[in-house]
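Trainee:
In the numbering used here, the protein residues as written are 6 to 434.
(1) Which residue or residues does DSSP assign as beta-bridge partners of residue 50?
(2) With distances taken from CA atoms, which of 341, 370, 368 and 433 is nearest residue 87?
(3) Check whether the Cβ atoms of residue 327 and residue 311 lie closer than 9 Å to each other.
(4) Please work out which residues of its chain come closer than 6 Å, Cβ to Cβ, to residue 302, disregarding the five sequence neighbours upstream and downstream, and give them in chain order.
(5) When we look at the beta-carbon of residue 35 and count the other beta-carbons within 10 Å, is it buried (16 or more) or exposed?
(6) Ignore the nearest five residues each way along the sequence and tell me which others in residue 237's own chain have a CB closer than 6 Å to its CB.
(7) Going by Cα to Cα distance, which pick from 52, 221, 166 and 185 is closest to residue 127?
(8) On a Cα-Cα basis, can you pick out the residue from 6, 188 and 11 that is closest to residue 413?
(9) Can you look up residue 97 in the DSSP assignment and give me helix, strand or coil?
(10) Take residue 169 and list the residues in its own chain whose beta-carbon comes closer than 7 Å to its own, dropping the five residues that flank it on each side.
(11) What do you reckon, are the CB atoms on residue 211 and residue 117 nearer than 9 Å?
(12) From residue 226 to residue 361, what distance separates their C-alpha atoms?
(13) For residue 436, I'd like the list of residues in its chain whose CB is within less than 6 Å of its CB, leaving aside the five on either flank, ordered along the chain.
(14) Tell me where the alpha helix (DSSP H) around residue 132 begins and ends.
(15) Take residue 280 as the anchor and find which of 334, 405, 207 and 217 has the nearest alpha-carbon.
(16) Could you check which residue in 300, 265, 62 and 399 has the C-alpha nearest to that of residue 132?
(17) Considering just the uninterrupted stretch of the beta strand (DSSP E) at residue 432, what are its terminal residues?
(18) Taking one C-beta from the segment 184–204 and one from the segment 16–33 each time, how about it: are there three or more such pairs within less than 8 Å?
(19) Tell me whether residue 222 sits in a helix, a strand or coil according to DSSP, three-state version.
(20) Of all the alpha helix (DSSP H) runs that stay within the bounds of the segment 270–334, which reach a length of 4 or more residues?
(21) Looking at the structure shown, is residue 208 part of a helix, part of a strand, or coil, going by DSSP?
(22) Quick one: using the 10 Å Cβ neighbour count with 16 as the cut-off for buried, is residue 289 buried or exposed?
(23) Near residue 246, what residues of its chain come up, given a Cβ to Cβ distance below 6 Å and the 5 sequence neighbours on each side ignored?
(24) Quick one: grab the DSSP three-state call for residue 25.
(25) Could you give the DSSP three-state label for residue 179: helix, strand or coil?
(26) From the DSSP output, which residues share a beta bridge with residue 398?
(27) Only counting the same chain, and skipping five residues up and downstream in sequence, which positions put a Cβ closer than 6 Å to that of residue 224?
(28) Please give the ranges of any alpha helix (DSSP H) in the segment 62–94, keeping only runs that are unbroken, at least 4 residues long and fully inside the region.
(29) Contact defined as beta carbons within less than 8 Å: I believe residue 49 pairs with residue 58. What is the distance between those atoms, to the nearest angstrom?
(30) Give me the Cα-Cα distance between residue 125 and residue 357, rounded to the nearest whole angstrom.
(31) Anyone know if the C-beta pair for residue 317 and residue 229 falls short of 9 Å?
(32) CA-CA distance, residue 309 and residue 16?
(33) Please report the residue range of the alpha helix (DSSP H) in which residue 149 lies.
(34) In this structure, does DSSP put residue 56 in helix, strand or coil?
(35) CA-CA distance, residue 416 and residue 62?
(36) Determine the DSSP secondary structure at residue 44, reduced to helix, strand or coil.
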């Protein structure tokens, strides 16, 4: 993915080769995006047998997700089981039938971005919440907080997810203060500290969390970068026109026409929502109760996530919450149907064919296993500063920083470097 080449691999490279860099965001605002997961990936930024290990480590969340989905297939009928199996089945089927390779979700498999991590762990977190409501388990309770913390510290745009463990704790009447959560608060402190070091902001790019130090980005730059991120998700053609994408709602109609109604996952979302509405009306007319108090709380949370997603309404920023909301009512209906009519769970085994279909669709990719294949990024750069500063500038807009070992910038800027006990501190003149 283009963002991996532009800055994610550069961030991972520096996590592997450098001590923490003060004012790293001065080289490029994108380098201020702090992610716990990408720091973790930095430990695996090595080549083994000609292949880069970091790409395989990044598949761990998907492996956990699908492994747990298939473990649940032959379990007794429960809302948690139906939710996870439905989610996994939908993603696989969507990828099988999608005409553009494997679709908007699994096309990101070769990426070191955190969109897949956030989406798949989001669904797992909702699943664990359902499990805790059905049958409290202290280990699941700890895992709920751990996974939530990983997601938020890896992709801060998922900050809304922090509400969910509190909702589950309220439902199951369990206190959230325990040793695990105290340790997670320590991790949160170091996350804020890293953000402060790299950009001067506790959470980048949120101007209200920024402090004034000599290595900090100025708040105007941070605010502009935040607006660019939001604007690009709202209207890619006019994302720098802040009057259009930030300070008005003029972008909404073009976004609906050009993105919402033309994106396959969102088209399916509309269909599922309409069918769920029709079935809900039918069940109410039949006086069949299908939602409990706990279900209302989780539904309220998912709707809140959807509204929060509308700030930056691009699928990759929230496919986990979109899928969770989309299948919420179908899962409820199926759960009622199975319990009401004592339907056997055998039909779930049909789902096992989906991975085989996906493999068949991608059989041509297995040729890479028999080739001496490793991606080689072609990029050109020129020395921007004297060699002792170890900074280079990309030569043309078509080139990328990728994971070049030198500090890499895209445009000239008056950057100064100070070294203190082998720590690099970049700042503006």
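Glycine included, C-beta positions come from ideal geometry on N, C-alpha and C.
Being a predicted model, the structure only gives us computed values, none of them experimental.
Mentor: According to the structure data:
(1) Here residue 50 refers to the residue found at position 45 when the chain shown is read from its first residue. Beta-bridge annotation (DSSP): residue 50 is not paired with any residue.
(2) Taking the chain shown and counting its residues from 1, the one referred to as residue 87 is at position 82. Of the residues 341, 370, 368 and 433, the one whose Cα lies closest to the Cα of residue 87 is 341.
(3) As a working mapping, residue 327 is identified with position 322 in the chain shown. As a working mapping, residue 311 is identified with position 306 in the chain shown. Contact: yes.
(4) Position 297 of the chain shown, counting from 1, holds the residue named residue 302. Contacts found: 172.
(5) What you label residue 35 is simply residue 30 of the chain shown in a count that begins at 1. That one is buried.
(6) In the chain shown, the residue the question calls residue 237 occupies position 232. Cβ neighbours of residue 237 beyond the five flanking positions: 244.
(7) Within the chain shown, numbered from 1, the residue matching residue 127 stands at position 122. Among 52, 221, 166 and 185, the Cα nearest to that of residue 127 is on 166.
(8) Looking up residue 413 in the chain shown gives position 408. When each option's Cα is compared against that of residue 413, the closest is 11.
(9) Your numbering for residue 97 matches position 92 in the chain shown. Three-state DSSP puts residue 97 in a helix.
(10) Counting from one through the chain shown, the residue named residue 169 turns up at place 164. Answer for residue 169: 130, 134, 153 and 306, listed in chain order.
(11) Taking the first residue of the chain shown as 1, we reach residue 211 at position 206. Taking the first residue of the chain shown as 1, we reach residue 117 at position 112. No, these two residues do not count as a Cβ contact at 9 Å.
(12) As a first step, residue 226 is located in the chain shown; it is residue number 221 there, counting from the start. As a first step, residue 361 is located in the chain shown; it is residue number 356 there, counting from the start. Looking at the two C-alpha atoms, the distance is approximately 49 Å.
(13) Coverage of the chain is limited to positions 6 through 434, which leaves residue 436 absent and any answer about it impossible.
(14) The residue you call residue 132 lines up with position 127 of the chain shown. Residue 132: member of the alpha helix (DSSP H) spanning 120–139, first to last residue.
(15) Residue mapping note: residue 280 aligns to position 275 of the chain shown, counting from 1. Comparing Cα-Cα distances from residue 280 to each of 334, 405, 207 and 217, the minimum goes to 334.
(16) As a working mapping, residue 132 is identified with position 127 in the chain shown. Distance from the Cα of residue 132 is smallest, within the candidate group 300, 265, 62 and 399, for 300.
(17) Translated into the one-based positions of the chain shown, residue 432 becomes position 427. If you look at residue 432, you'll find it in the beta strand (DSSP E) that goes 428–433.
(18) Segment contact: the segment 184–204 against the segment 16–33, three or more CB-CB distances shorter than 8 Å; contact assigned.
(19) To locate residue 222, count along the chain shown from 1; it is residue 217. Looking at residue 222 - three-state DSSP - the assignment turns out to be coil, as it is neither helix nor strand.
(20) Taken in chain order, the complete alpha helix (DSSP H) segments of 4 residues or longer contained in the segment 270–334 are 298–314.
(21) Here residue 208 corresponds to residue number 203 of the chain shown, with the count starting at 1. Reduced to three states, the DSSP call for residue 208 is coil.
(22) For the purposes of this step, residue 289 is taken as residue 284 along the chain shown, with counting starting at 1. For residue 289, the number of other beta carbons within 10 angstroms of its own is below 16, and it is reported as exposed.
(23) In the chain shown, counting from the first residue as 1, residue 246 sits at position 241. Cβ neighbours of residue 246 beyond the five flanking positions: none.
(24) Numbered from its first residue, the chain shown carries residue 25 at position 20. Coil, per DSSP.
(25) Numbered from 1 along the chain shown, position 174 holds the residue referred to as residue 179. It is coil, neither helix nor strand.
(26) As a first step, residue 398 is located in the chain shown; it is residue number 393 there, counting from the start. DSSP output for residue 398 lists 387 and 414 as bridge partner(s).
(27) Within the chain shown, numbered from 1, the residue matching residue 224 stands at position 219. Contacts found: 212 and 215.
(28) Correct list: 65–77.
(29) Taking the first residue of the chain shown as 1, we reach residue 49 at position 44. Taking the first residue of the chain shown as 1, we reach residue 58 at position 53. Residue 49 to residue 58, Cβ: 4 Å. Contact.
(30) As a first step, residue 125 must be located in the chain shown, where it is residue number 120. As a first step, residue 357 must be located in the chain shown, where it is residue number 352. Cα to Cα, residue 125 sits roughly 19 Å from residue 357.
(31) Here residue 317 refers to the residue found at position 312 when the chain shown is read from its first residue. Here residue 229 refers to the residue found at position 224 when the chain shown is read from its first residue. Not a contact, by the Cβ cut-off of 9 Å.
(32) Position 304 of the chain shown, counted from the first residue, corresponds to residue 309. Position 11 of the chain shown, counted from the first residue, corresponds to residue 16. If I take the Cα positions, the gap works out to 31 Å.
(33) Along the chain shown, read from residue 1 onward, the residue named residue 149 stands at position 144. Residues 143–159.
(34) Position 51 of the chain shown, counting from 1, holds the residue named residue 56. Residue 56 falls in the strand class under three-state DSSP.
(35) Within the chain shown, the letter at position 411 stands for residue 416. Within the chain shown, the letter at position 57 stands for residue 62. For residue 416 and residue 62, the distance between alpha carbons rounds to 32 Å.
(36) The residue labelled residue 44 in the question sits at position 39 within the chain shown. DSSP, reduced to helix, strand and coil, places residue 44 within a helical segment of the structure shown.
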